[in-house]
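Student: Protein chains in written order, with the numbering used here: chain Y, 1 to 120; chain C, 121 to 240.
All C-beta atoms, glycine included, are put in the ideal place defined by N, C-alpha and C.
Can you keep this structure in mind? I'll have questions shortly.
Protein chains: 2
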Amino acid sequence: MPKPTTFGQFLRESREAKVATDRTFSLRKVADRVGIEPSYLSKIERDEQPPPGEGVIRLLAQDLSEDPDVLLALAGKVSSDLLAIIRTRPRLFADLIRQLKNMPDHAVLRLVREVRDGSW
Amino acid sequence: MPKPTTFGQFLRESREAKVATDRTFSLRKVADRVGIEPSYLSKIERDEQPPPGEGVIRLLAQDLSEDPDVLLALAGKVSSDLLAIIRTRPRLFADLIRQLKNMPDHAVLRLVREVRDGSW
DNA sequence: CACGGTGTGTAGTAGTTACTACACACTTTG
DNA sequence: CAAAGTGTGTAGTAACTACTACACACCGTG
């Protein structure tokens, strides 16, 4: 277990890295842009509150230029568009994902590329 | 849109098919085995109530010999073990799944087999 | 005709999710 | 030194999730 980073920690670190060179990344400014209460964001960043909903997470990801899927994962969630895809063919995707569970990254990555390039 | 079957419809049909030849598949008996109130199951089968939680869905699937992933999908959910797998490598799985979104069944299936057989 | 078994109607609820509103104290800036 | 901006503490809540408890009416069987 190398990095058990929490959602809050990740957010705070990402934001503080940016606020160092860009004052528009104060907690309040970000909260305002994203449309939530500053106190709410404060508690989230300190992991005092559970992560927000998917919509807010997406807005935060965009504002902080982070990957939405990574942020969602840290929040213990999975993007709703992925869920929708899986639900259209549950058996197929369930089988595939369970089989890839223990495959090394590079193997899965190769699969992704093969599919993308249509070289199969 | 050929079959917009609902979770409740599916359950009821599956159960009624079985009760025809096996009296132990009455609504009450199933509810008892699964550990929920008969009235609750009744409402679920008539789609008067939203589908139950994952745990109950799994028990129903087992009792009715149905595929849990299919039942979960009909309930608008995705198995929590799949979610856990995806969350360990969000970018990887997100990419893969989004790319497979529009692939035909047989193509995805081939992928599943290739991975399973380790023939790659 | 009582009695076990059938499905269903009504009412209620504890717990979780996803937040808001406002006040406060401190710090920097003009 | 006032004003603007900073993060945080306290309190509250509307909507949803996932159910339970119980009563009722019906229906076939012994």
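Here's the rule: buried if 16 or more other CB atoms are within 10 angstroms of the residue's CB, otherwise exposed. What is Ser199 of chain C?
Tutor: When all chains shown are included, Ser199 of chain C counts as buried.
Student: Cα separation between Asp189 of chain C and Pro170 of chain C?
Tutor: Each residue's Cα considered, the two are about 17 Å apart.
Student: Are the beta-carbon atoms of Gln99 of chain Y and Arg132 of chain C separated by less than 8 Å?
Tutor: No; because the gap between Cβ atoms is not below 8 Å, this pair is not in contact.
Student: What residue range does the alpha helix (DSSP H) around Gln129 of chain C cover?
Tutor: That run of the alpha helix (DSSP H) goes Phe127 to Val139.
Student: Between which two residues does the alpha helix (DSSP H) containing Gln169 of chain C stretch?
Tutor: Careful: Gln169 of chain C lies outside any alpha helix (DSSP H) and carries neither H nor E.
Student: Which residues in the same chain as Ser42 of chain Y place their Cβ atom closer than 7 Å to its Cβ, once the five residues preceding and following it in sequence are excluded?
Tutor: For Ser42 of chain Y, where only same-chain residues beyond five positions count, the Cβ hits under 7 Å are Leu27.
Student: Looking at the C-beta of Gln182 of chain C, does it have a partner C-beta in chain Y at a distance below 8 Å?
Tutor: Answer no: the Cβ-Cβ gap between Gln182 of chain C and chain Y never drops below 8 Å.
Student: Apart from the five residues just before and just after Val56 of chain Y, which ones in its own chain have a Cβ nearer than 7 Å to its Cβ?
Tutor: Here the set comprises Val34 and Ile36.
Student: Phe213 of chain C touches chain Y at which residues, Cβ-Cβ below 8 Å?
Tutor: What Phe213 of chain C touches in chain Y: Leu82, Ile97, Leu100 and Val108.
Student: Any beta carbon of chain C sitting closer than 8 Å to that of Gly53 of chain Y?
Tutor: By this cut-off, Gly53 of chain Y is not an interface position.
Student: Measure from the alpha carbon of Arg211 of chain C to the alpha carbon of each residue in Y:Ala84, Y:Asp95, Y:His106 and Y:Arg46, then state which is nearest.
Tutor: The residue with the shortest Cα to Cα distance from Arg211 of chain C is Y:His106.
Student: Mind listing the chain Y neighbours of Val235 of chain C? Cutoff is C-beta to C-beta under 8 Å, in chain order.
Tutor: Those are Leu96, Gln99, Leu100, Met103 and Leu111, listed as they occur along chain Y.
Student: Report yes or no: do three or more beta-carbon pairs, one from the stretch 178 to 185 of chain C and one from the stretch 202 to 211 of chain C, lie closer than 8 Å?
Tutor: Touching, no.
Student: Mind checking if Ile206 of chain C is an interface residue toward chain Y, Cβ cutoff 8 Å exclusive?
Tutor: Yes - at least one Cβ of chain Y is within 8 Å of the one on Ile206 of chain C.
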